[in-house]
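*Asks:* Protein chains in written order, with the numbering used here: chain A, -11 to 284; chain B, 205 to 368; chain C, 11 to 113; chain D, 3 to 102. Using N, Cα and C, we set each Cβ at its ideal position, and we do this for glycine too. Here it is, the structure in full.
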Amino acid sequence: MRAGVNRAGARMAWGEDKTMKRVWLMIAAFAALGLARPAKADPAADLKAFQRYFQTRFPKLELKDYVNGPYNFSANDRAQWKQILEFPPYSFAVDAGKKAFDTKFPDGASYASCFPHGGIGIAQDYPKFDEKTGKVVTIGIAVNECRTRHGLKALSLTKGELADIVAYMTSTSDGKPIHVVIPNDKRALAAYEAGKEYFYSRRGQLNFSCASCHVQAAGKRLRGQYLAPALGITASFPVYRSKWGNVGTLVRRFIGCNKKVRSVPAKPDSAAYRDLAYFLTYMSNGLPIAGPGARS
Amino acid sequence: MMTEPETTGPARRTVLLGAAGAAAALALPRSGRAAAVAAPKASLWPEAAFKATTPDPALKALWGSSSLTPTTQVKMDAPDIAENGAVVPISVDANEPKITGVALLARHNPYSLACAYEIPEGTSPAISSRLKLAKTTEVIAVVKSGGKLYSTSKRVKVTLGGCG
Amino acid sequence: MAHQILVHATTSGGVTTVEALIKHPMDSGFVKGKDGKLIPPHYIEVVEFTHKGKLVLRGFWGPAVSKNPFIRFSFKGGASGDPIGVSWVDNKGETASMSAAIM
Amino acid sequence: MKRMAWVLAATVLGLGIAHAAGKDDAARAIDAAAAKMKTAAALEDQWTPTVAAFKAAKAADAAGDYAKAEASAKRAEALAAASIAQARSQKHLWRNEVPR
């Protein structure tokens, strides 16, 4: 009596059995039938469709309103948020970030020397595709690359000093339209596609994709809180979350979302998160930077 | 959904500038600045009032009375539902003459008294701050004027924050 | 760095409005840390605001005041450039103070 | 619905595998789980309960509770297998979620 039934059942559910494998393939093929074939990546067309999707669902919202995330959906929450923004809790982070940013490295260089325009007013251009390495570089990763180039240790990409620095840099881009560029380079397009696939793929034991919450269920309540639409969601990062009690980066939020659906998060500097940030931020192109932000 | 969506851009920007401007005057403790400001005396803190678990003994310990006169002259702005119980913005204002004290109490917090203020002459009783509410509770604003206590209260619902 | 105070004081129509954000954990003693143990209470007990050395507000705070406390109040008088003093003492005896000019 | 199916499948599989087990059974189960988990990780779809079950298996194994070690390892393997199936199906299904 060694759980024979269970094992058979298990095989069926796992899709390990050969017959089942065929069934899986058929299901997959069937699912793919209705769509255009996995065609060439067309970020511009995706962007249009993405923004149109939300504008059809929430006709009263203007594009720029999406940077206010969940606060478009509840007057009660919005009023509290506005009161908190009167003296925003991320002020300390911006202040500390500016001090760190202005501090010279031991070799005499500084963060400003690593960025175009001395790092001021450029946050809207990130993530960027680096043609040398063929990788996507988020603003946080760029800060770390700057540090290591000058003999300093890389910082945590999720919170603390790096989040403060990025918060300060982002504050100097306030209101500037997000301007993520996807060059006509196979590697850049592949990174974009990988980010897109990550965003829409269900994962974790709860079988949620990023899109399940932030596209399909956007504007709906999940345990008392409104889900922010994916459109505009990156604009407020880094963000001070009352729940955290400090400022965290976009990648910190990725990690949190992954854990929430019972999925082991990727590494903060992984290709998965770089590509996800690339795709997701690109989807908000044209919306104003509103970071650092404050959320519950 | 909100009928009048608006962005926060400009207002937010002002705030940031304000904070950054003030940052110039940012000071570290005991930094020996020329205009040194003396630290308050810890002994002033009304410990018994803050250790009381219900409003009545808290007010008795604080101001010697728990007899409240509800009035519309005391105004409190608090949300119907707290977005996050850890940070609930609450403002008080009052129209009574000669106000010398303002206090906020949350009936169902572990300790009811949240904060109390001494209002010297010339200072307005209008005070905004952010409080923690452990669960759904009546929040009571009390104002001390001419030896009497005036109050208003409001129930604030606290739900569990969900998304993680 | 540990004890920052941000102050924003403006004057208009003979009334000065003071806004302050004070960096402090304001641990209530009821919250568990990552190690599963309760974080001991650590909160500001008394905070004072002065205008040119004269007390304009004294606050008594308890564990129910939010982390990184914010306060806004106003008083009659005050002119641009006048010093506003802020100081606090917490339940562990730590103190911090600063002075900022009215904008 | 789909979500429920996954959770159910994973939960049902984790149950009913307890039996008298020896040290070798536990070791075999742990190895099998580790192998499946490696595949799941490569597909960027490891589930946190998989990791928890695997940790529990290792801990029980170290404590000499081989029956528990084997049961936990099998649960980890089942969960990893479910996540692999999820990841593989999503390689195609994700496109259905893209707004058009």
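Who are the near neighbours of E210(B) in its chain, counting only those whose CB is closer than 7 Å to its CB and skipping five residues on each side?
*Replies:* Below a pLDDT of 50, predicted positions are generally treated as unreliable, and E210(B), at 41, falls in that range; the measurement from the model is reported next regardless. Same-chain partners within the cutoff: there are none.
*Asks:* Is any beta-carbon of chain A found at less than 8 Å from that of F59(C)?
*Replies:* Answer no: the Cβ-Cβ gap between F59(C) and chain A never drops below 8 Å.
*Asks:* Check the C-beta distance from F42(A) over to L219(A) and give it rounded, since I have them as a contact under 8 Å.
*Replies:* About 5 Å; that satisfies the 8 Å criterion.
*Asks:* By the three-class DSSP mapping on this structure, what secondary structure does K123(A) have?
*Replies:* Strand.
*Asks:* Note down the Cα distance separating E181(A) from G66(D), rounded to an integer number of angstroms.
*Replies:* Roughly 48 Å separates the two Cα atoms.
*Asks:* Using the Cα positions of L35(A) and I108(A), report the straight-line distance between them to the nearest angstrom.
*Replies:* Cα to Cα, L35(A) sits roughly 27 Å from I108(A).
*Asks:* Consult DSSP for I49(C) and reduce its assignment to one of helix, strand or coil.
*Replies:* Note: I49(C) maps to coil in three-state DSSP.
*Asks:* So which residues of chain C does G233(A) contact, with C-beta pairs closer than 7 Å?
*Replies:* Within chain C, the residues near G233(A) are K77.
*Asks:* Determine, using beta carbons only, whether V360(B) and A282(B) come nearer to each other than 8 Å.
*Replies:* Yes, the pair counts as a contact, with Cβ atoms nearer than the cut-off.
*Asks:* Mind pulling the chain C residues with CB within less than 8 Å of S79(A)?
*Replies:* Residues of chain C passing the Cβ test: L16, L31.
*Asks:* If the cut-off is 7 Å on Cβ atoms, which residues from the segment 68 to 94 of chain C count as contacting chain A, listed in chain order?
*Replies:* Those residues of the segment 68 to 94 of chain C that come within reach of chain A (Cβ to Cβ, closer than 7 Å) are K77, N78, F80.
*Asks:* For the segment 304 to 317 of chain B and the segment 336 to 355 of chain B, state whether three or more C-beta atom pairs, one from each stretch, are separated by less than 8 Å.
*Replies:* Contact between the segment 304 to 317 of chain B and the segment 336 to 355 of chain B is present, because at least three Cβ pairs lie under 8 Å.
*Asks:* Name the DSSP bridge partner or partners of A19(C)?
*Replies:* DSSP output for A19(C) lists V28(C) as bridge partner(s).
*Asks:* Can at least three beta-carbon pairs, one atom from the segment 41 to 54 of chain D and one from the segment 74 to 83 of chain D, be found at a separation below 8 Å?
*Replies:* Judged by Cβ distances under 8 Å, the segment 41 to 54 of chain D makes contact with the segment 74 to 83 of chain D, as three or more pairs qualify.
*Asks:* Within 10 angstroms of the Cβ of H18(C), are there 16 or more other Cβ atoms? Answer buried if so, exposed if not.
*Replies:* By the neighbour-count rule (16 or more Cβ atoms within 10 Å), H18(C) is buried.
*Asks:* Quick test of the definition: if touching needs 3 or more C-beta pairs under 8 Å, does the segment 231 to 241 of chain A touch the segment 90 to 103 of chain A?
*Replies:* Counting Cβ pairs under 8 Å, fewer than three are found: no touch.
*Asks:* So, with DSSP's three-state summary, where would you put A228(B)?
*Replies:* Low confidence applies to A228(B): its pLDDT is 35, below 50, so where it sits in the model is not reliable enough to give any reading.
*Asks:* Between A253(B) and chain A, is there a C-beta pair that is closer than 8 Å?
*Replies:* By this cut-off, A253(B) is not an interface position.
*Asks:* Which whole-angstrom value is the C-beta distance of S349(B) and T304(B), which I expect to be below 8 Å?
*Replies:* Indeed they touch by this definition, with Cβ atoms about 7 Å apart.
*Asks:* Determine the closest residue to V57(C) out of K86(C), H34(C), P51(C), T21(C), with distance taken between C-alpha atoms.
*Replies:* Ranking K86(C), H34(C), P51(C), T21(C) by Cα distance to V57(C) puts H34(C) first.
*Asks:* The beta strand (DSSP E) that contains V227(A), what's its start and end?
*Replies:* Taken as a continuous stretch (DSSP letters only), the beta strand (DSSP E) holding V227(A) covers 227 to 229.
*Asks:* What separation, rounded to the nearest whole angstrom, lies between the Cα atoms of V41(C) and G72(C)?
*Replies:* C-alpha separation (whole angstroms): 15 Å.
*Asks:* Can you have a look at A278(A) and say buried or exposed, based on whether 16 or more other CB atoms are within 10 angstroms of its CB?
*Replies:* Answer is buried; the Cβ neighbour count reaches 16.
*Asks:* Which same chain residues end up closer than 7 Å to K164(A) when comparing Cβ atoms and leaving out the 5 residues on each side of it in sequence?
*Replies:* Only G109, Q112, P276, I277 meet the Cβ criterion.
*Asks:* For T341(B), which three-state DSSP category applies?
*Replies:* Looking at T341(B) - three-state DSSP - the assignment turns out to be strand.
*Asks:* Buried or exposed for V169(A), please, with buried defined as at least 16 other CB atoms from any protein chain shown within 10 angstroms of its CB.
*Replies:* Burial call: exposed.
*Asks:* For the alpha helix (DSSP H) containing Y266(A), list its first residue and its last residue.
*Replies:* From DSSP, the alpha helix (DSSP H) with Y266(A) extends over 259 to 270.
*Asks:* Expressed to the nearest angstrom, what Euclidean distance is found between the alpha-carbon atoms of P233(B) and N234(A)?
*Replies:* Because P233(B) carries a pLDDT of 39, less than 50, the predicted location of this residue cannot be relied on, and the following value inherits that uncertainty. Taking the straight line joining both Cα atoms gives about 21 Å.
*Asks:* One question on the structure: do S197(A) and E99(D) come within less than 8 Å of each other, judged by their Cβ atoms?
*Replies:* Yes. Within cutoff.
*Asks:* I'd like to know whether the C-beta atoms of G95(C) and V241(B) end up nearer to each other than 8 Å.
*Replies:* Cβ distance < 8 Å, so G95(C) and V241(B) count as in contact.
*Asks:* Spell out a yes or no on whether the segment 187 to 204 of chain A and the segment 113 to 133 of chain A are touching, meaning 3 or more CB-CB pairs, one atom from each, closer than 8 Å.
*Replies:* As far as the Cβ criterion goes, the segment 187 to 204 of chain A does not touch the segment 113 to 133 of chain A, which means the pair count is below three.
*Asks:* Distance cutoff 8 Å, beta carbons only. Does S189(A) sit that close to anything in chain D?
*Replies:* With 8 Å as the cut-off, S189(A) counts as an interface residue toward chain D.
*Asks:* Check for me: the beta strand (DSSP E) holding W98(C) runs from which residue to which?
*Replies:* Unbroken beta strand (DSSP E) run through W98(C): 93 to 100.
*Asks:* Against L65(C), what residues of chain B qualify as contacts under a CB-to-CB distance less than 7 Å, listed in chain order?
*Replies:* Ordered by position in chain B, the residues that pass the 7 Å Cβ test against L65(C) are P324.
*Asks:* How would you list, in chain order, the residues of chain C whose beta-carbon sits under 7 Å from the beta-carbon of W249(B)?
*Replies:* The contacting residues are E55, V56, F70.
*Asks:* Return no unless some Cβ of chain D is closer than 8 Å to the Cβ of G183(A).
*Replies:* Cβ-Cβ to chain D under 8 Å: no for G183(A).
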